[in-house]
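Reviewing the structure listed below.
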Amino acid sequence: MAEYQPLEIDTPVRPPKRRLPSRPIVIGAAVGFVLLILLGSSHEPSRQAVSTGLTKAKEYGSKLNGWAEDFEASYGPQAKGTMRLEEEYALPSREALRQIVGDDPKYLVKDGWATYGYNNGRYMLEATLLMAKIAGRIPVIPDSVWARSCATDAEACEEHALRYFEHRNEHEDVVGAKWNDDGAAYKLGIENFLDIPHLRKTYGSLLTYTEYLHLYSIDPSLYDESLRWNVTNYSPSGLTTATMSEQEFQDRTFVRVDRPARVRSKEEIMADLPHAAGEGGDVPRLSAETVKLALASKPAWSLTAARDALRRRGDDKVADKDELFFWQLEEAGAVLLWTYSDEVLMNKAMARPSNEVALPSSIRPLSTALSSPPYSNASIVYLSGNLHDQRKPGGLYFTSPLSRDSYTRLILSSIRAPPRIRKLGARLAEKMASLVEGRRWVATHLRRGDFVGIAWAPERDPVRHFERTKAALERGKDVLRSHFGDDGRLPRNDDPFYLATDESNGTSLSYFRSRGAVLLSDLLTAQDSSLLGPGHITPTEMSSTSGGAVNGRLAMGKEEWSWGLLGREKAGRVRRWRA
Ligand SMILES: *[C@@H]1O[C@H](CO)[C@@H](O)[C@H](O)[C@H]1NC(C)=O
Ligand SMILES: *[C@@H]1O[C@H](CO)[C@@H](O)[C@H](O)[C@H]1NC(C)=O
Ligand SMILES: *[C@@H]1O[C@H](CO)[C@@H](O)[C@H](O)[C@H]1NC(C)=O
1 MAEYQPLEID
11 TPVRPPKRRL
21 PSRPIVIGAA
31 VGFVLLILLG
41 SSHEPSRQAV
51 STGLTKAKEY
61 GSKLNGWAED
71 FEASYGPQAK
81 GTMRLEEEYA
91 LPSREALRQI
101 VGDDPKYLVK
111 DGWATYGYNN
121 GRYMLEATLL
131 MAKIAGRIPV
141 IPDSVWARSC
151 ATDAEACEEH
161 ALRYFEHRNE
171 HEDVVGAKWN
181 DDGAAYKLGI
191 ENFLDIPHLR
201 KTYGSLLTYT
211 EYLHLYSIDP
221 SLYDESLRWN
231 VTNYSPSGLT
241 TATMSEQEFQ
251 DRTFVRVDRP
261 ARVRSKEEIM
271 ADLPHAAGEG
281 GDVPRLSAET
291 VKLALASKPA
301 WSLTAARDAL
311 RRRGDDKVAD
321 KDELFFWQLE
331 EAGAVLLWTY
341 SDEVLMNKAM
351 ARPSNEVALP
361 SSIRPLSTAL
371 SSPPYSNASI
381 VYLSGNLHDQ
391 RKPGGLYFTS
401 PLSRDSYTRL
411 ILSSIRAPPR
421 IRKLGARLAE
431 KMASLVEGRR
441 WVATHLRRGD
451 FVGIAWAPER
461 DPVRHFERTK
471 AALERGKDVL
481 RSHFGDDGRL
491 PRNDDPFYLA
501 TDESNGTSLS
511 YFRSRGAVLL
521 SDLLTAQDSS
531 LLGPGHITPT
541 EMSSTSGGAV
551 NGRLAMGKEE
561 WSWGLLGREK
571 AGRVRRWRA
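The sequence shown begins at 1 in the UniProt record's numbering and counts up by one.
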């Protein structure tokens with residue numbers, strides 16, 4: 001991947017592992033929020049700011065009427081670049097499903113989690129796709145998402161949901177876990193979030209739970225709403241299951257990798273030396289014994305941590321240049337790992353590739369485990385439990401750059417929203433462009449809602465939280481300036497910007513608008529909403545979360561530098577600058 005330029009350089013810090021009672025509950029969008037020391041105490045928006053915000057809302061409202069008239073031109077039969085030719089999802093017939101899976105299919109399944117938003121669901125299923133590829137099996141993925149907010153009237157949402165809870169936390173017995181906060185919940189098919197026909201074309205065979213149950217004529221009443229795989233209920237006669245538990249998949253004593261590392265001969269490694277050393281000639285060797293001792297205390301090491309560990313053992317020959325250090329490590333018998341940096345540990349954006357290192361005795365290839373009994377001869381391999389919390393994108397490390405990069409490409413090319421959602425996104429972007437008269441505009445995500453209640457948004461105060469976000473956007477504009485120079489399309493100081501937020505307090509929203517924010521509701525006409533079809537529920541939690549947005553940008557070939565992480569003390573928060 002191309003080099004990226006971080007907007008701010010900070011040492012990635014693992015957010016503290018949050019241990020919640022009983023089942024591990026990982027929180028929605030997995031973007032942490034930062035505690036910055038801000039001066040001043042919490043302050044209410046001034047009356048003037050609120051009034052300016054209301055005026056702005058009216059102004060946007062009248063624009064909406066104009067946009068409603070443009071609707072035909074944008075989406076009608078004459079519209080250019082229409083996506084109407086693209087396939088929308090429909091449940092395939094049994095016969096079609098039989099063709100998808102072929103004779104004697106072998107499956108790989110992993111648990112879903114009902115109380116996670118789509119963003120978490122997305123990276124869990126991305127890891128399932130990877131693990132199934134490694135296993136040479138057909139993945140079966142959770143078929144639905146529980147949305148927690150409804151952008152249109154509650155009745156319409158309720159009517160279109162596959163299932164509806166008025167008080168979601170009263171149904172722990174059904175969904176097997178609790179949400180961070182109470183409120184309604186609407187169960188929606190995964191096809192409202194994910195372009196399944198496209199995924200089949202680009203990835204290959206896969207089934208959703210619904211399709212699997214349909215294919216094997218399993219009684220729909222046996223469906224498990226927790227979205228976990230249910231061995232008892234989901235095993236038709238003739239199919240056998242081998243379960244790998246969370247602890248077997250991964251514990252603190254080893255690092256799970258995709259495939260065995262290719263161990264190069266001393267000759268091959270030596271032949272690589274001139275390349276590794278560049279013009280400089282010789283590279284001092286590390287002692288294999290020291291490397292073994294230094295790296296024994298944990299399974300995987302970042303290059304920085306490995307250098308520190310070796311230096312603490314008194315090794316002063318450790319190279320500062322990564323390429324040379326790599327060579328030294330390999331020569332001393334360590335295994336190089338390809339992964340993504342801890343910056344994306346929480347949001348699992350397919351960005352920020354990185355390297356780590358391990359001892360050969362610490363690695364466990366998934367391909368090896370699954371190619372022997374009881375897994376190899378089972379019809380279904382079931383990886384149970386939580387295989388994603390605090391894990392790298394893909395849920396494991398790679399032993400070659402090729403396999404890491406092909407996973408990146410796979411996800412960027414195959415995971416995307418359904419055609420109508422992408423069309424809507426393009427339309428919203430056009431409207432933003434018209435608001436700024438064609439100049440570039442910036443966008444950010446301000447997660448409030450449940451994150452405030454559980455103290456994952458350390459800025460309780462919406463004004464201060466917003467002002468920090470806005471300050472980061474201003475720095476983003478500087479980055480645009482440094483990349484494009486003054487080409488006439490740079491954002492002006494008072495240009496509006498797009499703000500994805502689940503803040504619901506009207507006073508706060510007026511304040512945000514008075515400071516330049518344009519919200520989804522300022523851009524969305526009734527016709528736009530109708531594009532969302534029976535989904536009708538705009539799951540703000542998912543549409544705006546950062547990892548998915550970054551992946552979407554990378555997939556469109558947007559510049560690697562065009563998004564960034566904000567410096568942080570406790571956790572990271574992704575911001576994006578739209579170029
Ligand atoms: C499978 O689903 C049934 C309900 O149909 C439930 O009673 C059972 O506990 C589930 N099994 C597991 C392992 O969760
Ligand atoms: C798979 O092989 C193991 C070991 O040989 C055996 O115990 C198990 O019953 C086999 N499972 C199936 C489904 O054939
Ligand atoms: C909304 O925020 C304002 C200003 O912070 C506060 O005074 C008001 O009580 C809030 N309203 C609700 C319904 O929470």
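All residues carry an ideal CB built from backbone N, CA and C; glycine is no exception. In this text the structure is predicted, and so the values were computed from the model without any measurement.
At the C-beta level, A300 and L337 come within 9 angstroms of one another. A residue is called buried once 16 or more other Cβ atoms fall within 10 Å of its Cβ, and T253, having fewer, is exposed. Contact check for L446 and E356: beta-carbon distance about 32 angstroms, past the 8 angstroms limit, so the pair fails to qualify. Less than 9 angstroms divides the Cβ of L480 from the Cβ of P491.
With fewer than three CB-CB distances shorter than 8 angstroms, the region 279-298 does not count as touching the region 154-167. Around the beta carbon of V174, fewer than 16 other beta carbons lie within 10 angstroms, which makes this residue exposed.
In the three-state reduction of the DSSP assignment, G66 falls in the helix class, which pools H, G and I. With three or more CB-CB distances shorter than 8 angstroms, the region 385-392 counts as touching the region 244-259. In chain order, the residues that have a beta carbon nearer than 7 angstroms to some heavy atom of ligand 2 are T240, P373, P374, N377, A378. Here E126 has K348, P393, G394, I411, I415 as same chain residues with Cβ atoms under 8 angstroms from its own Cβ, once five neighbours each way along the sequence are excluded. A direct Cα-to-Cα measurement between V140 and P105 gives close to 11 angstroms. Note that the region 129-145 touches the region 100-117; at least 3 beta-carbon pairs, one per stretch, sit closer than 8 angstroms. Annotated three-state conformation of Y123 is helix, per DSSP. Rounded to whole angstroms, the gap between the alpha carbons of A90 and T408 is 28 angstroms. Bounds of the alpha helix (DSSP H) holding H483 are 462-484. Look at S434: its beta carbon is at least 8 angstroms from all of the heavy atoms in ligand 3. In this structure, L129 is the residue among V263, N192, L129, R489 with its C-alpha nearest to the C-alpha of G204.
When the Cα atoms are used, T241 and K477 turn out to be separated by approximately 54 angstroms. Membership of I380 in the beta strand (DSSP E) is indicated by the continuous run 380-383. Between ligand 1 and the CB of G176, the shortest heavy atom gap is smaller than 8 angstroms. Around the beta-carbon of P45, 16 or more other beta-carbon atoms lie within 10 Å, marking it buried. The residue among P353, T210, L295 with its C-alpha nearest the C-alpha of S93 is T210. Here the alpha carbon of E225 sits roughly 13 angstroms from the alpha carbon of L213.
DSSP links A358 through a beta bridge to V335.
Around the beta carbon of F497, 16 or more other beta carbons sit within 10 angstroms, so the residue counts as buried. Exposure of K321 is indicated by the presence of fewer than 16 other C-beta atoms within 10 angstroms of its C-beta. For E86 and D308, the gap between their C-alpha atoms comes out near 53 angstroms. DSSP places F254 in the coil class of the three-state scheme, outside both helix and strand. Looking at the backbone, the Cα of D258 and that of R137 are separated by about 14 angstroms. Straight through space, the alpha carbons of H275 and D528 are spaced by roughly 56 angstroms. S51 has its CB no nearer than 8 angstroms to any heavy atom of ligand 3. In its chain, beyond the 5 residues on either side, A147, C157, A161, Y164, I537 have a beta carbon closer than 6 angstroms to the beta carbon of Y186. Taken through DSSP and simplified to helix, strand or coil, A242 comes out as strand.
Shortest gap from the CB of S508 to any heavy atom of ligand 3: under 8 angstroms. Of all C-beta pairs linking the region 351-368 to the region 432-446, fewer than three are shorter than 8 angstroms, placing the two stretches out of contact. Taken through DSSP and simplified to helix, strand or coil, R312 comes out as helix.
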